[in-house]
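What follows is one structure encoded as structure tokens, with my remarks underneath.
Numbering (our numbering), first residue to last: 109 to 331.
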């Protein structure tokens, strides 16, 4: 199935959302999952085996006050070619986001108004905050053929991991072109640090494979 090149918002009143083997294509294609309008004791969002290309964007937009008991988001077996995955905002407690077994390839900047991202990047996390939750990126392949590119870019404000939460980047493979590339870019601001880990939480980066020289494995920007 090929999805039309439109901007669409989904999730209203749903407790279950699944896309399997769907192709999303074009710079006008933006699919936004609004967590804040989902409902249910357990809400599930799955993207399995989909293809994203030519500027398409998958935006997972969090809301701390979502009326869900727990939330499971799984993005697995997808192919992102000059397309971007963007988990953004504050997610409700008991959220588990699993990003695994995907292939990301970027050859140039994917523009999105207001994001403030000026270098090619596979995954962009804007103001990501988790509380009593987990975000795990594992078994993915990140490939860039562009100088000064990045694999995972966290921007606008600090990555905040609190209250028994886990943010993990494990067992991924990075093929980054050019010695100026960065694997994980944590971007704070002049007032905020780029990373905040509190209350028995953890950030784990281990078991990843980097096939070429890069400028930074992890780059921290902030005070």
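All C-beta atoms, glycine included, are put in the ideal place defined by N, C-alpha and C.
On a CA-only basis, which of 274, 260, 315, 270 is nearest residue 280? Give me that one, please.
Within the chain shown, numbered from 1, the residue matching residue 280 stands at position 172. Nearest C-alpha to residue 280: 315.
When you compare each of 154, 291, 282, 268 to residue 307 by their alpha carbons, which one comes out closest?
Here residue 307 refers to the residue found at position 199 of the chain shown. Nearest of 154, 291, 282, 268 to residue 307, Cα basis: 268.
Note down, one range per segment and in chain order, each alpha helix (DSSP H) of at least 4 residues found wholly within the segment 164 to 201.
none
Closest to residue 272 by CA distance: which of 118, 235, 228, 201 is it?
Along the chain shown, one-based indexing puts residue 272 at 164. Looking at the Cα atoms, 201 is the closest of the given residues.
Kindly indicate which residue of 326, 310, 301, 168 has the alpha-carbon position closest to the one of residue 142.
Indexing the chain shown from 1 puts residue 142 at position 34. Of 326, 310, 301, 168, the residue nearest in Cα terms is 168.
Strand pairing of residue 314, partner residues [DSSP]:
Locating residue 314 in the chain shown gives position 206, where the first residue counts as 1. Paired residue(s): 278.
Tell me whether residue 129 is buried or exposed, calling it buried when 16 or more other Cβ atoms sit within 10 Å of its Cβ.
Counted from its first residue, the chain shown places residue 129 at position 21. When all chains shown are included, residue 129 counts as exposed.
Closer than 6 Å by C-beta to residue 218: which residues in its own chain qualify, once you throw out the five before and the five after it? Chain order, please.
Locating residue 218 in the chain shown gives position 110, where the first residue counts as 1. So the qualifying residues of the chain are 163, 192.
Among residues of its own chain, excluding the 5 on either side of residue 275, which ones have a beta-carbon nearer than 6 Å to its beta-carbon?
As a working note, residue 275 is residue 167 in the chain shown. Cβ neighbours of residue 275 beyond the five flanking positions: 243, 269, 311.
Reducing DSSP to helix, strand and coil, say where residue 143 ends up.
As a first step, residue 143 must be located in the chain shown, where it is residue number 35. Helix, per DSSP.
Length-filtered (3 minimum) beta strand (DSSP E) runs lying within the segment 236 to 263:
242 to 246, 249 to 252, 258 to 263
Taking only beta-carbon atoms, is residue 129 less than 8 Å away from chain D?
Here chain D cannot be found, since the structure has a single protein chain.
In terms of residue numbering, what span does the beta strand (DSSP E) encompassing residue 218 cover?
Sequence index remark: in the chain shown, residue 218 carries index 110 (1-based). Note, residue 218: premise wrong, no beta strand (DSSP E); not H, not E.
CB of residue 115 within 8 Å of CB of residue 138, strictly
As a working note, residue 115 is residue 7 in the chain shown. As a working note, residue 138 is residue 30 in the chain shown. Yes.
On a CA-only basis, which of 329, 208, 147 is nearest residue 158? Give me that one, please.
Counted from its first residue, the chain shown places residue 158 at position 50. Residue 208 is the option with its Cα nearest to residue 158.
Could you give the C-beta distance for residue 238 and residue 206, rounded to a whole number, given that I count them as a contact under 8 Å?
Reading the chain shown from its first residue, position 130 is the one you call residue 238. Reading the chain shown from its first residue, position 98 is the one you call residue 206. 13 Å between Cβ atoms; not a contact.
Given a cut-off of 8 Å, decide if residue 184 and residue 160 are closer than it, judged by their beta-carbon atoms.
For the purposes of this step, residue 160 is taken as the residue at position 52 of the chain shown. For the purposes of this step, residue 184 is taken as the residue at position 76 of the chain shown. Result no, Cβ atoms of residue 160 and residue 184 do not sit closer than 8 Å.
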